[in-house]
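Engineer: Structure incoming, see below.
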Amino acid sequence: IQTKLPKVGTTIFTVMSQLAQEHGAVNLGQGFPDFPVPPRLVEELERAMRAGHNQYAPMTGVPALRQAIAAKTARVYGHAPDADTEVTVTSGATEAIFNAIHAVVRAGDEVVVLDPCYDCYEPAIDLAGARAVHVPLDPVTFAPDWQRVREAIGPRTRMLMINSPHNPSGAMLSADDMRELAAILDGTGIFLVSDEVYEHIVFDGARHESVLRHPALRERAFVVSSFGKTYHCTGWKIGYCIAPPALGTEFRKVHQYNVFSTFTPGQHAFAAMLEAEPEHYEQLGAFYQAKRDRFRDQLATTRLAPLPVPGGYFQLVDYSAVSDLDDAAFCRWLTVEKGVAAIPLSPFYETPPAGQRLARLCFAKNEATLDAAIERLQRL
Ligand code: PMP
Ligand code: GLN
């Protein structure tokens, strides 16, 4: 058959997890926590199932959850979206990103993405018959060069996609970045997707610059988040999108015929959690910062050089002191021969920077897992 996605194979996350399993490697590749969810979340899920919340949820999401998301957003970002028209619950952030693109991007349009970028963006753009225009982030700081973004925008540009805290680098956009972005988009009809799945995993007292804090940006934006990241349950696949009513209407048209609605008992469980334990998301940054700091100290005993991690749960390491292999070959070798699975950065790029020697390690892991990985990495 004539394939619609000629560039797409199996994702690097699946490939590396399979390789890790085959070779008994410690899996710091694919991003997922290996520790339990908050106990109360399981209780709330069970309660919801026993209470009979097992049939289709309303298409847009369980009202209690949409209201809890709106209340949390108001509390954290000082902007209260309308729970009925502006909040839609989705089957993970991946579905939300797909819907946002398909809601507004037409055949022949262009979508500006900043490389390295998360792997689900471009296939969704391609399926819409549009084209991704890749603008590289700084190879060292992973900060955007707004002049290059400006130059990448043309008459066909329909959307721009940002991600902060950033996967794979952990870099965060600043308030100045948001002002630059607002100036670039001012007076254009360009929509924004803001992938904020790591919104609560920020370190060193920094503030997450949600697009929801910025009126000029949020009026054109689909802001996406994921409970998978915030509640250590990537397998539940529940997320949401916040968008102004006119955008929300179009978004919901896609959602309605994509999945129609999302896992009902999980929605009830998150509604209860958001209300009952706000300290969970408030303390998530400190929780992960302790893991980041411990892991970084341990890496100092290896020949891998850690890059700064402002947010998220990934540590980039420069392995040039260990090997001159390209990153895909290095990560394969590390998994098969050295027993630690990592993710290469090249799959996140249209054109990876020449000679880049970086690998991504996930530190959303128990101490025992990280200790086992470090013991192996010390032998490099
Ligand atoms: N965006 C980014 C930047 C991510 O890291 C992830 C999770 N891997 C997603 C989106 C997808 O989130 P979900 O698992 O909720 O679909
Ligand atoms: N978001 C996860 C990561 O970056 C992977 C999710 C997936 O496997 N699709 O590792």
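The numbers in full-length UniProt numbering rise by one with no breaks, and the one at position 111 of the sequence shown is 112.
In this text, a Cβ means the ideal position worked out from N, Cα and C, and glycines have one as well.
None of these values were measured; they are calculated from a predicted model.
1) If contacts are defined as beta-carbon pairs under 8 Å, then Tyr69 and Val106 qualify, I think. What distance do you get, rounded to the angstrom?
2) Check for me: the beta strand (DSSP E) holding Val105 runs from which residue to which?
3) Quick one: measure Cβ to Cβ for Ala97 and Gly240, integer angstroms, because I've assumed they're closer than 8 Å.
4) Secondary structure at Cys332, three-state DSSP: helix, strand or coil?
5) What residue ranges within the stretch 292 to 362 form continuous beta strand (DSSP E) runs of no fewer than 3 residues, ordered along the chain?
6) Touch check for the stretch 171 to 189 and the stretch 247 to 256: three-plus C-beta pairs under 8 Å?
7) With H, G and I counted as helix, E and B as strand and the rest as coil, what does DSSP make of Ala52?
8) Would you list the residues sitting across from Asn164 in a DSSP beta bridge?
9) With 16 as the cutoff for other CB atoms within 10 Å, does Ala287 come out buried or exposed?
10) Within this structure, are the beta carbons of Thr265 and Gln379 separated by less than 8 Å?
11) Between which two residues does the alpha helix (DSSP H) holding Arg149 run?
12) Which stretch, first to last residue, makes up the beta strand (DSSP E) that contains Pro7?
13) Given 8 Å as the limit, is there contact between the stretch 355 to 362 and the stretch 323 to 343, that is, 3 or more CB pairs closer than that?
14) Cβ of Gly32 within 8 Å of Cβ of Phe315?
15) Provide the residue span of the alpha helix (DSSP H) that contains Leu128, from first to last.
16) Is Thr231 a contact residue of ligand 1, with contact defined as CB to any heavy atom under 7 Å?
17) Apply the 10 Å Cβ neighbour rule to Tyr258 and answer buried if 16 or more other Cβ atoms are within range, or exposed otherwise.
18) Taking 7 Å as the cut-off, does the CB of Asp196 come closer than this to any heavy atom belonging to ligand 1?
19) Below 8 Å, how does it come out for the stretch 129 to 146 and the stretch 206 to 217: are there three or more Cβ pairs, yes or no?
20) Measuring CA to CA, which of Ala272, His256, Val341 and Asn367 is closest to His24?
21) Please confirm whether any heavy atom of ligand 2 lies closer than 7 Å to the CB of Gly79.
22) Sorry if obvious, but does the Cβ on Tyr282 come closer than 7 Å to a heavy atom of ligand 1?
23) What separation, rounded to the nearest whole angstrom, lies between the Cα atoms of Leu381 and Leu20?
24) Determine the direct distance from the alpha carbon of His215 to that of residue 1, and round the result to whole angstroms.
25) Check Ser227 in the structure and name its three-state DSSP category.
26) Applying the criterion that 16 or more other CB atoms from any shown protein chain within 10 Å of the CB defines a buried residue, is Ala374 buried or exposed?
27) Does the beta-carbon of Ala101 have 16 or more other beta-carbons within 10 angstroms, so that it is buried, or is it exposed?
28) Would Tyr57 be called buried (16 or more neighbouring beta carbons within 10 Å of its own) or exposed?
29) Taking only three categories from DSSP, how would you classify Ile243?
30) Near ligand 2, which residues have their beta-carbon less than 6 Å from any of its heavy atoms, given in chain order?
31) Where are the beta strand (DSSP E) runs, 3 residues long or more, that stay fully inside the stretch 264 to 296, in chain order?
Structural biologist: Once the coordinates are examined:
1) Reading the sequence shown from its first residue, position 68 is the one you call residue 69. Reading the sequence shown from its first residue, position 105 is the one you call residue 106. In the sequence as displayed, the identity of residue 69 is Ala instead of Tyr. Contact flag wrong, Cβ pair sits at about 30 Å.
2) Along the sequence shown, read from residue 1 onward, the residue named residue 105 stands at position 104. Counting along the chain, Val105 falls outside any beta strand (DSSP E), though it belongs to the alpha helix (DSSP H) covering Gly93 to Val105.
3) The residue you call residue 97 lines up with position 96 of the sequence shown. The residue you call residue 240 lines up with position 239 of the sequence shown. Contact holds; Cβ gap of about 5 Å.
4) Numbered from 1 along the sequence shown, position 331 holds the residue referred to as residue 332. Helix at Cys332.
5) 315 to 319
6) no
7) As a first step, residue 52 is located in the sequence shown; it is residue number 51 there, counting from the start. Coil.
8) As a working note, residue 164 is residue 163 in the sequence shown. For Asn164, which the question treats as bridged, DSSP gives the partners Asp196.
9) For this step, residue 287 is matched to residue 286 along the sequence shown. With fewer than 16 other Cβ atoms within 10 Å, it is exposed.
10) Taking the sequence shown and counting its residues from 1, one reaches residue 265 at position 264. Taking the sequence shown and counting its residues from 1, one reaches residue 379 at position 378. Contact flag unset, no.
11) Residue mapping note: residue 149 aligns to position 148 of the sequence shown, counting from 1. Here the alpha helix (DSSP H) through Arg149 covers Trp147 to Ala153.
12) Counted from its first residue, the sequence shown places residue 7 at position 6. Where Pro7 is concerned, there is no enclosing beta strand (DSSP E), given that its DSSP letter is neither H nor E.
13) yes
14) Taking the sequence shown and counting its residues from 1, one reaches residue 32 at position 31. Taking the sequence shown and counting its residues from 1, one reaches residue 315 at position 314. Against a cut-off of 8 Å, the Cβ pair of Phe315 and Gly32 comes out as a contact.
15) Within the sequence shown, the letter at position 127 stands for residue 128. Tyr122 to Leu128 is the extent of the alpha helix (DSSP H) around Leu128.
16) Translated into the one-based positions of the sequence shown, residue 231 becomes position 230. No, Cβ of Thr231 sits at least 7 Å from all heavy atoms of ligand 1.
17) One-based indexing of the sequence shown puts residue 258 at position 257. Exposed, because fewer than 16 other Cβ atoms sit within 10 Å of the Cβ of Tyr258.
18) Against the sequence shown, residue 196 aligns to sequence position 195. Yes; taking the cut-off as 7 Å, the Cβ of Asp196 has a heavy atom of ligand 1 nearer than that.
19) no
20) For the purposes of this step, residue 24 is identified with residue 23 of the sequence shown, where counting begins at 1. When only C-alpha atoms are compared, the closest one is Val341.
21) Along the sequence shown, read from residue 1 onward, the residue named residue 79 stands at position 78. Not under cutoff, so the answer is no.
22) Locating residue 282 in the sequence shown gives position 281, counting from the first residue. Tyr282: no, Cβ never under 7 Å from ligand 1.
23) Residue numbering aside, residue 381 sits at position 380 when the sequence shown is read from its first letter. Residue numbering aside, residue 20 sits at position 19 when the sequence shown is read from its first letter. The straight-line gap from Cα to Cα measures roughly 19 Å.
24) Since the first residue of the chain shown is 2 and the last is 381, residue 1 is not available in this structure.
25) For this step, residue 227 is matched to residue 226 along the sequence shown. Note: Ser227 maps to strand in three-state DSSP.
26) Taking the sequence shown and counting its residues from 1, one reaches residue 374 at position 373. By the neighbour-count rule (16 or more Cβ atoms within 10 Å), Ala374 is buried.
27) Numbered from 1 along the sequence shown, position 100 holds the residue referred to as residue 101. It is buried - the Cβ of Ala101 has at least 16 other Cβ atoms within 10 Å.
28) As a first step, residue 57 is located in the sequence shown; it is residue number 56 there, counting from the start. Tyr57 is exposed by the Cβ-count criterion.
29) To locate residue 243, count along the sequence shown from 1; it is residue 242. Of the three classes helix, strand and coil, the one that applies to Ile243 here is strand, per DSSP.
30) Thr12, Phe14, Gln31, Gly32 and Asn168
31) none
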